[in-house]
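Accompanying notes for the structure given below.
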Amino acid sequence: MNNILSVKSLTKTYGHQIGCNDISFDLHEGEVIGVVGESGSGKSTLLSCLAGRLKVDKGSIKFKSRTDVKEELTEITEVRRRYLSRTDWAFVHQNPRDGLRMDISAGGNITERLMALGQRNYSSLRSKALNWLSKVEISTERIDDNPTTFSGGMQQRLQIARNLITEPRLIFMDEPTGGLDVSVQAKLLDLLRKIVIGLNLSVIIVTHDLGVVRLLADRLIVMKSGEVVETGLTDQVLDDPQHEYTQLLVSSVLQF
Amino acid sequence: MLKSQKNKYTKEDPLEHDEYNFAYLDEQTKRMIRRAILKAIAIPGYQVPFSSREMPMPYGWGTGGVQVTASCLCPTDTLKVIDQGADDTTNAVSIRKFFEKTANINTTDDTNSASIIQTRHRIPEEPLKEGQILIYQVPIPEPLRFLEPRETETRIMHALEEYGLMHVKLYEDITKHGHISTAYAYPIKVEERYVMDPSPIPKFDNPKLHNNEALQLFGAGREQRIYAIPPYTKVISLDFEDYPFEPMKAEAICSICGSNSSYLDEIIINDKGDKSYICSDTNYCEKRK
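Quick mapping for you: the protein sequence lines, in order, are chains A and B. FYI, in our numbering the residues of the first sequence are 113 to 368. FYI, in our numbering the residues of the second sequence are 10 to 298.
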């Protein structure tokens, strides 16, 4: 299979506390994996380990680069990791304030990665910023406004544009719809689905919102107390949950 | 009181009794600062931390520059001190007097005959030559400070040459003002490696940083950093392809000496707001009169 990411027995502990324990899975190119579980189940720890934001205690993470070389992420240098994280990867934070520069205009936010890669033509940077603003459905007139003047949903879409401008291949999302009201959530999910499918992106999305994964994810990983308790195709896991925790999770969703 | 009974804490002018070391700082401190200076020269544009001393003047008055000057001074040196180009402003006068007193060295206003020039916010108009040392007073040495407040992060950015953020600032300038509006402390890249803050000199002076024959040293006392541009070093002012760097000065001539090429100070001459322009480099202006 064509795996962009292969995780083997990944373990991370905080002293005696288990962050996540013995986690293995493969992410295929163009696939969206949802990681669900309650608060404190180790979802975010897992995501931070994968994105290199936390040091892994044990296990291996293999990433296939653009040149088809398998890189062991637990062993790459800081230089390489930071290069990858602003070219090949994207990290969408739950709170857009963590992923944006709030005192820099929308255009500056979107093009920062390009400037970091050495692009030095103002006009072309600007047209790329305008292009991405319209892609994430923000009025192009807002290009010179600071994100502080944006609504929560717009900030989140701006964060996505800022991350996707370098055409990353692997996206990490940490509760991208958390803190947004439901109608804005729906719009954002719609947009995400369009972009993910359109650009054939590989995505790991961490959330506790089963609606989000039902809409976006191809496969699901269910976590509890730092362990994977169930994996499978999204509809299979959600419609026929096997593990008792998954059953509890699915039955806890409000039905209308 | 007999001289032998006097202890060193008696409240008389200590200088009369040679109680200060040459150029105020003790020899060990000067050695420490010289080591930092040598390291700074070896890695052009890199900010070398040093253990800055308390000086008998407030921060912001050039405590960094003074410590670097004190460490470079020899008894045979001739010192010139300028503040915004002028030899006769408070800051320049006090620092010159300070070294006249503590080092008993010769001082001058003449750029050409000075061996060491301590400056605040200007580079002299007269070209510097080999053997001279230009010492800058620096308030904030970190060019990325206002873009990234964490020192831990800016150090990593320097180490990994991640300077995209600097261009974000220039991008914002063009976006908000239609041109790069940064007029002083204009960011530069030294020897194609480190991005550096040239201290708050006007961007008019930036081209003089490049390939200068003199040794340029930068001292930040409060921030405890020393950095350097060795002689004949490549210095580039950051810009965009379609918005190139442009040095800038007032479109006028000096009303004293008539120079049309020197950097000018704007002076309001009456209550109606009429303006006059004069050279900011007083020695240059004096010589042309």
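All C-beta atoms in this analysis are idealised placements derived from N, C-alpha and C, irrespective of residue type, glycine included.
| query | result |
| --- | --- |
| Neighbouring residues, chain B, relative to T223/A (Cβ below 7 Å) | Y180 |
| Test: R232/A CB closer than 7 Å to a CB of chain B | yes |
| Beta-bridge partners of I238/B, as assigned by DSSP | Q225/B |
| T98/B, DSSP secondary structure in three states | coil |
| Inter-stretch contact (C-beta, 8 Å, three-pair minimum) for the region 139-159 of chain B and the region 185-193 of chain A | no |
| Alpha helix (DSSP H) runs wholly inside the region 181-218 of chain B, at least 4 long, in chain order | 215-218 |
| Boundaries (first-last residue) of the beta strand (DSSP E) holding A261/B | Looking at the DSSP string, A261/B is not in any beta strand (DSSP E), and its letter there is neither H nor E. |
| For E187/A and I46/B, the rounded distance between their alpha carbons | 36 Å |
| 7 Å Cβ cutoff met for K178/B and L156/B | yes |
| Neighbouring residues, chain B, relative to D169/A (Cβ below 7 Å) | Those within 7 Å of D169/A in chain B number zero; the least Cβ separation is about 23 Å. |
| Partners in chain A for H186/B, counting only beta-carbon separations shorter than 8 Å | The contacting residues do not exist; H186/B stays about 11 Å from chain A at best. |
| Candidates Q231/A, R232/A and T223/A: closest to F244/A by CA position | Checking the displayed sequence, the identity of residue 244/A turns out to be Trp instead of Phe. Looking at the Cα atoms, T223/A is the closest of the given residues. |
| Straight-line Cα distance separating S197/A from I165/B | 15 Å |
| The region 322-332 of chain A touching the region 132-147 of chain A, judged by at least three CB pairs closer than 8 Å | yes |
| Span of the beta strand (DSSP E), counted from its first residue to its last, around M335/A | R331 to K336 |
| Residues near K217/B in its chain [Cβ-Cβ closer than 7 Å; skip 5 each side] | I132 |
| The region 234-252 of chain A touching the region 238-256 of chain B, judged by at least three CB pairs closer than 8 Å | yes |
| From N133/A, L139/A, K124/A and K120/A, residue whose alpha carbon lies closest to that of L313/A | L139/A |
| Inter-residue Cα distance where the pair is K15/B and E232/B | Low local confidence applies: a pLDDT of 46 at K15/B is under 50, so the model's placement there is unreliable, with the coordinate-based value given in what follows. In a straight line, the C-alpha of K15/B is about 38 Å away from that of E232/B. |
| Chain-order list of residues whose beta-carbon lies under 7 Å from that of E109/B (same chain, five-residue window excluded) | T116 |
| Under the three-state DSSP convention, the category G142/A falls into | coil |
| Contact the region 255-274 of chain B vs the region 282-296 of chain B: 3+ CB pairs below 8 Å | yes |
| For Y33/B, the three-state DSSP class (helix, strand or coil) | strand |
| Residues of the region 227-255 of chain B whose Cβ lies closer than 7 Å to any Cβ of chain A, in chain order | F249, E250, D251 and Y252 |
| Proximity test, R178/A beta-carbon vs the ligand MN heavy atom, cut-off 6 Å | Here there are no bound small molecules, and the ligand MN is not part of this structure. |
| E63/B vs S271/B beta-carbon contact at 7 Å | no |
| Local conformation of M285/A per DSSP, three classes | strand |
| Three or more C-beta pairs below 8 Å linking the region 208-226 of chain B and the region 200-216 of chain A | no |
| Backbone CA spacing between L247/B and Y172/B [nearest angstrom] | 10 Å |
| Boundaries of the beta strand (DSSP E) in which L166/A is found, first to last residue | No beta strand (DSSP E) contains L166/A, which DSSP labels as neither H nor E. |
| Own chain partners of K12/B with C-beta closer than 6 Å, once the 5 adjacent residues on each side are dropped | Interpretation of K12/B is limited by its pLDDT of 45, a score under 50 that renders its predicted location unreliable; the figure taken from the coordinates is listed afterwards. Excluding positions up to five away in sequence, the list is empty. |
| Of the listed residues T128/B, T242/B, N279/B and C288/B, nearest to A261/B (C-alpha basis) | C288/B |
| Reduced DSSP category for L273/B - H, G, I as helix; E, B as strand; rest coil | strand |
| Cβ of N16/B within 7 Å of any chain A Cβ | Only weak support exists for where N16/B lies, its pLDDT of 46 falling under 50; the coordinates are left without a value. |
| Within-7 Å CB hit, I149/B to chain A | no |
| Any C-beta of chain A under 7 Å from that of G173/B | yes |
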